[in-house]
Structures are given as structure tokens and as C-alpha cells.
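Take a look at the structure set out below.
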Amino acid sequence: MNPELKKILVDKNITLEELSKILDIKVETLKRYFCKSGTIPYKVQKKLIEIGIIEEKDKHSKKNDKMYDVIATLFAENEKLKNEIQKLETLKSLLSDKPKKYNDILRINSFKSDFDTTTKIIPLMWKLSDEVSKIFSELEILLEINSIQENIKIKRGLYKVGDNLIAIGDKLKLYGENTKIENDIIDAEVK
Numbered sequence: 017m018n019p020e021l022k023k024i025l026v027d028k029n030i031t032l033e034e035l036s037k038i039l040d041i042k043v044e045t046l047k048r049y050f051c052k053s054g055t056i057p058y059k060v061q062k063k064l065i066e067i068g069i070i071e072e073k074d075k076h077s078k079k080n081d082k083m084y085d086v087i088a089t090l091f092a093e094n095e096k097l098k099n100e101i102q103k104l105e106t107l108k109s110l111l112s113d114k115p116k117k118y119n120d121i122l123r124i125n126s127f128k129s130d131f132d133t134t135t136k137i138i139p140l141m142w143k144l145s146d147e148v149s150k151i152f153s154e155l156e157i158l159l160e161i162n163s164i165q166e167n168i169k170i171k172r173g174l175y176k177v178g179d180n181l182i183a184i185g186d187k188l189k190l191y192g193e194n195t196k197i198e199n200d201i202i203d204a205e206v207k
């Protein structure tokens, strides 16, 4: 018999036949539920809770709820720490003893800002630049290996990608020109 049910029946001093009468379920059905499956079916659990034979929450589920809260708190704290570590690793790589290049100096100076959004934008900006450069160098090698006839077949795709990259570059440049963006913001507020 199911150990949970056996414990409940012993604690409440109820026989299987009495439980069968209370739940209005045949004894054979109860035996089949509890002996073969090893778990108490949901409908039977619900009836047992309604009658008051078992409680909805026992000590184990309360412990599980507490453990869940602790784990959720730790996960949230872990995410914050991951973001801080990423910022520190970026700064560490930038502040290393390597000779400073112009781009490195720009990265260092941009992190000196007090704004949280700026510290999120800068790593994304450099990641975009690095990823585009890496993917383009890989694509360039493959295009050089490919025959001219094959490259002509994919001409439309190459033009489309080139146009998309130019559009992205133009949009990024607009953010550096504050007059255009400020005018757009003012126009949007007026409308």
C-alpha cells in the first residue's frame, strides 16, 4: 500500500473499508489506486482534503516553498553579479598593460560615465562592431574562394545585405548627431 496513505489511515485510525464508505469508492478501486500506482490520484486527494482527512499543505511543502524562495532570490542575485562581472572583465581587458590604441582609449573613457544606460550601450556597441567584423571577414574569405559565376548568382543577396549594413550605419550615425534626434523627439511630443 502507498506509504502516504498508510500513514494517514493509521494517524486518523481509519480502515480501508471505512475510507471506502467515506469517499463513496469501492474498496477494490482504492486498493488498485494505492497499491499499483503508488500515488494518490488528484480527485481522491481533493475529496480527502474536503473531508479533512489530509491537509492541503503539509510540512514538506512548506519547506519546499521556503527553499523555492531562497533559490529564486539567489538566482536574481546571480544575474546581478553576472552583469557586474561582465562590466569588470571589460574594464580589466581595457586597462591591461597593453599599449593603448585609439579604440581602447575611447572604450575606457566611455566607461567613466555615471549613466547606467551608457554602461549597457557601450559593450553592446563594441560587441556589434566585433561581431560584424568577424562575420564579414569570414564571408569575405568564402566569397574570394567562390567562383565569379556563383557570386553573380547571389548578387541580389549581397546588395541587400550591403544596403542593410549601410542603413544600420546611417541610423547609428544619427544618434551621434543630437540636433536631428532632438528635433524628432520634439516633433513626436508635439504630435
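For the sequence shown, the residue numbers in this note's numbering are 17 to 207. For each residue, glycine too, the CB sits at the ideal point set by N, CA and C. Computed from a predicted model, the values in this text were never measured in an experiment.
- Per DSSP, Glu33 is one residue of the alpha helix (DSSP H) stretching across Leu32 to Leu39.
- Beyond the five residues adjoining it in sequence on each side, Thr135 comes within less than 6 Å, by CB distance, of no other residue in the same chain.
- Inter-residue distance for Tyr58 and Ala92 is about 33 Å (C-alpha atoms, whole angstroms).
- The three-state reading of DSSP puts Lys42 in coil, since its state is none of H, G, I, E or B.
- Straight-line measurement puts the Cα of Lys143 at about 12 Å from the Cα of Ile151.
- Rounded to whole angstroms, Lys96 and Met141 show a C-alpha spacing of 21 Å.
- When Leu64, Asp27, Lys189 and Gly173 are compared, the shortest CA-CA separation from Ile41 is found for Leu64.
- When only Cα atoms are considered, Leu158 and Pro139 end up about 29 Å apart.
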